[in-house]
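Just so we're aligned: the sequence shown equals residues 0 to 465 in numbering that gives the first Met the number 0. The beta carbon of each residue, even a glycine, is placed where N, CA and C say it ideally should be.
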Amino acid sequence: MTPMLSRRTFLQASAALGGAFALGAGLAARAGTTPGPQVLTAQLAQAQITVDGVTPVMTYGLGDAPHAALPPVLRMRKGEAYAARLVNRLDEPTTVHWHGLRIANAMDGVPEMTQPYVYPGDHFDYLFTPPDAGTFWYHPHCNTLTQMGHGLTGVIVVENPADPNFDAEIVLNLRDWRLGAGGKYIDPFKPRHAARGGTYGTVRTANWQQEPVYDAPAGGLVRVRIVATDVTRIYTIGVEGAEAKVVALDGNPVEHPFLLDRMDIGPGQRVDLVLRMPDGEGARATLGNFRGSNPWTIASFRAAGPSLKRHHRDVAPLPANPVAEADLSTAKRIPLELTATAEHKATPSICGSLGFTFWALNKVPWPGDTPDPIAPIEELKLGKSYVLEIANRTPHAHPIHLHGLSFRILSSNKRSFLPPPTDTILLLPDEQAEVALVADNPGDWVIHCHIIEHQKTGMTGYFKII
Ligand code: C2O
Ligand code: CU
0 MTPMLSRRTF
10 LQASAALGGA
20 FALGAGLAAR
30 AGTTPGPQVL
40 TAQLAQAQIT
50 VDGVTPVMTY
60 GLGDAPHAAL
70 PPVLRMRKGE
80 AYAARLVNRL
90 DEPTTVHWHG
100 LRIANAMDGV
110 PEMTQPYVYP
120 GDHFDYLFTP
130 PDAGTFWYHP
140 HCNTLTQMGH
150 GLTGVIVVEN
160 PADPNFDAEI
170 VLNLRDWRLG
180 AGGKYIDPFK
190 PRHAARGGTY
200 GTVRTANWQQ
210 EPVYDAPAGG
220 LVRVRIVATD
230 VTRIYTIGVE
240 GAEAKVVALD
250 GNPVEHPFLL
260 DRMDIGPGQR
270 VDLVLRMPDG
280 EGARATLGNF
290 RGSNPWTIAS
300 FRAAGPSLKR
310 HHRDVAPLPA
320 NPVAEADLST
330 AKRIPLELTA
340 TAEHKATPSI
350 CGSLGFTFWA
360 LNKVPWPGDT
370 PDPIAPIEEL
380 KLGKSYVLEI
390 ANRTPHAHPI
400 HLHGLSFRIL
410 SSNKRSFLPP
420 PTDTILLLPD
430 EQAEVALVAD
440 NPGDWVIHCH
450 IIEHQKTGMT
460 GYFKII
């Protein structure tokens with residue numbers, strides 16, 4: 000006898016198949032019913048990251064089933080409601096932040112500020128509608144150096160039915176692991192590095208693999224979604240053996256796609272490439288990191304099958320996202336200085352403290368996640384335009400991420416190419432940049448460096464929009 004599947008069982012069964020879930024949810028939506036929440040279970044697992052041992056990792060799985068290692072790519076649709084239930088099967092509190100999604104403040108995942116901690120065994124229901132299509136990611140906002148460092152970083156793809164079709168899509172989640180002999184974790188950071196550029200991992204991976212190789216149709220156009228989820232590393236990416244065009248940055252389409260030469264991408268940032276695969280079967284294109292004096296391979300792509308003989312001009316541009324343009328004639332200007340400090344002792348927090356304070360925004364170091372935070376950097380009026388005058392007064396680069404809003408880089412003393420609107424700007428050493436935004440999303444929105452050691456040792460603040 001064949002057991003009948005309820006819709007819920009069907010969704011959970013298809014959720015177990017990962018990519019198939021998007022199809023299931025789509026079918027349910029078309030049938031006019033609301034799919035149940037996607038159950039996202041934070042859990043412990045084992046991963047083979049080095050050849051000489053198995054590493055205990057933290058991951059997310061879909062539904063109840065144990066999940067192996069790499070967190071799933073979550074697929075959502077622009078303008079369609081998405082529901083997820085975070086179930087915490089870790090042995091410490093956690094939350095989920097949806098990096099780059101301009102959603103309601105209560106769904107933003109910042110403990111104390113926007114939601115309670117989710118304790119082991121508890122759950123929290125997220126429900127929101129992503130307004131923008133593109134490449135985003137999700138991660139905890141609690142004890143992040145450990146939780147993200149041990150694997151809780153996953154990619155979000157927000158689809159737009161109006162997006163052009165590609166011959167293939169490859170998602171690359173780039174991060175390092177701080178592992179020693181036998182795949183065991185070593186000290187998560189060194190204070191002297193936290194006070195400088197941050198502590199680097201020892202094992203470099205894409206999708207939790209060292210130098211993975213992906214097959215893609217020869218002569219085809221492949222959308223490669225690259226997400227830098229590492230807690231420290233800034234990459235300088237480049238592709239060799241094929242032409243790649245940059246079509247979107249940090250989720251937003253670039254106005255005029257251009258050939259990738261070298262591009263910096265800091266923690267939190269995303270690059271969408273259209274890679275034109277080589278024609279010859281077996282030929283390879285390589286994505287590399289060219290920062291520093293020893294370039295290395297991040298991942299490669301092997302041409303498979305007869306050539307599709309495609310051209311970059313065969314695909315239409317990506318449709319723009321509805322990010323409001325600031326009114327510069329009325330915009331209020333707000334200085335935002337990134338500085339080093341030695342002022343404060345760190346405050347202990349349920350979500351972890353590194354025990355040091357090295358950094359500050361506008362000279363005020365963030366005390367950590369507390370029920371009683373410091374004053375906002377500034378109170379913004381809902382609907383008004385603002386220009387942030389960001390000045391990096393340090394000799395280190397800082398990827399500064401603002402929650403809940405996108406901003407446009409207006410000018411900089413260090414760059415000529417101005418990217419489309421973004422949620423994360425990689426401030427170069429001594430860079431001064433002006434960025435503009437419309438305060439169109441009410442709530443308390445944190446802004447912080449995405450080098451997690453900097454975030455957790457003072458380089459965090461928030462804006463209050465009312
Ligand atoms: Cu990607 Cu506050 O984080
Ligand atoms: Cu920083």
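Asked: Let me have the residue list for the ligand C2O: C-beta closer than 6 Å to any non-hydrogen atom, ordered along the chain.; Found: 96, 98, 138, 140, 267, 400, 402, 445, 447 and 449
Asked: Quick check on the burial criterion: 16 or more other C-beta atoms within 10 angstroms. Buried or exposed for residue 257?; Found: exposed
Asked: Check whether the Cβ of residue 192 sits closer than 7 Å to any heavy atom of the ligand CU, and report yes or no.; Found: no
Asked: With which residues is residue 49 paired in a DSSP beta bridge?; Found: 52
Asked: How many Å lie between residue 17 and residue 61 at the Cα?; Found: Because residue 17 carries a pLDDT of 35, less than 50, the predicted location of this residue cannot be relied on, and the following value inherits that uncertainty. If I take the Cα positions, the gap works out to 8 Å.
Asked: Starting from residue 145, trace the alpha helix (DSSP H) in both directions and tell me its first and last residue.; Found: 143-148
Asked: So what's residue 313 in DSSP terms, helix, strand or just coil?; Found: helix
Asked: Between which two residues does the beta strand (DSSP E) containing residue 297 stretch?; Found: 295-303
Asked: Report buried or exposed for residue 370, applying the criterion of at least 16 other Cβ atoms within 10 angstroms of its Cβ.; Found: exposed
Asked: Comparing alpha-carbon positions, which option in 200, 67 and 436 lies nearest residue 328?; Found: 436
Asked: Mind checking whether the beta-carbon of residue 458 lies closer than 7 Å to any heavy atom of the ligand CU?; Found: yes
Asked: When every heavy atom of the ligand PLP is checked, does at least one fall within less than 7 Å of the C-beta of residue 421?; Found: Because the ligand PLP does not appear in the structure shown, any question about it cannot be addressed here, the ligands present being the ligand C2O and the ligand CU.
Asked: Span of the alpha helix (DSSP H) holding residue 192?; Found: 190-193
Asked: Quick one: complete beta strand (DSSP E) runs, 3+ long, within the segment 238-308?; Found: 242-248, 251-258, 262-264, 269-275, 283-288 and 295-303
Asked: Just the C-alpha distance for residue 70 and residue 141, rounded to the nearest angstrom, thanks.; Found: 17 Å
Asked: Measuring only the C-alpha atoms, how far is residue 54 from residue 232?; Found: 21 Å
Asked: Could you compute how far the alpha carbon of residue 114 sits from the alpha carbon of residue 72?; Found: 24 Å
Asked: Mind checking whether the beta-carbon of residue 397 lies closer than 7 Å to any heavy atom of the ligand CU?; Found: yes
Asked: Please work out which residues of its chain come closer than 6 Å, Cβ to Cβ, to residue 285, disregarding the five sequence neighbours upstream and downstream, and give them in chain order.; Found: 239, 240, 296 and 299
Asked: Please confirm if the segment 388-398 is in contact with the segment 423-432, defined as three or more CB-CB distances below 8 Å between the two stretches.; Found: yes
Asked: Let me know the secondary structure DSSP gives residue 209 once reduced to three states.; Found: coil
Asked: On a CA-only basis, which of 438, 41 and 49 is nearest residue 181? Give me that one, please.; Found: 49
Asked: Below 6 Å CB to CB, which residues in the same chain sit around residue 31 once its five sequence neighbours on both sides are set aside?; Found: For residue 31, the pLDDT reaches just 44, beneath the cut-off of 50, and the residue's location in the model is therefore unreliable, although a value from the coordinates is still provided. No residues qualify anywhere along the chain.
Asked: Going by Cα to Cα distance, which pick from 387, 401, 444 and 441 is closest to residue 434?; Found: 387
Asked: Within 10 angstroms of the Cβ of residue 250, are there 16 or more other Cβ atoms? Answer buried if so, exposed if not.; Found: buried
Asked: Using a Cβ-Cβ cutoff of less than 7 Å, which residues in the same chain neighbour residue 120 once the five nearest sequence positions on both sides are dropped?; Found: 87
Asked: Does the segment 414-422 come close enough to the segment 441-452 to have 3 or more Cβ pairs within less than 8 Å?; Found: no
Asked: So is the beta-carbon of residue 66 under 7 Å away from any non-hydrogen atom of the ligand CU?; Found: no
Asked: Pick helix, strand or coil for residue 458, following the three-state DSSP scheme.; Found: coil
Asked: Excluding the 5 residues preceding and the 5 following residue 377 in the sequence, name in chain order all residues of the same chain whose CB lies nearer than 7 Å to its CB.; Found: 333 and 462
Asked: Determine, using beta carbons only, whether residue 65 and residue 47 come nearer to each other than 8 Å.; Found: no
Asked: Go ahead and label residue 419 buried or exposed: buried means 16 or more other beta carbons lie within 10 angstroms of its beta carbon, across all protein chains shown.; Found: buried
Asked: Which of the three DSSP states is assigned to residue 465 in this structure?; Found: coil
Asked: Any beta carbon of chain C sitting closer than 8 Å to that of residue 201?; Found: The chain inventory of the structure shown lacks chain C, comprising one protein chain alone.
Asked: Identify every residue that forms a DSSP beta bridge with residue 225.; Found: 171 and 270
Asked: Report yes if the CB atom of residue 275 is closer than 8 Å to the CB atom of residue 309, and no otherwise.; Found: yes
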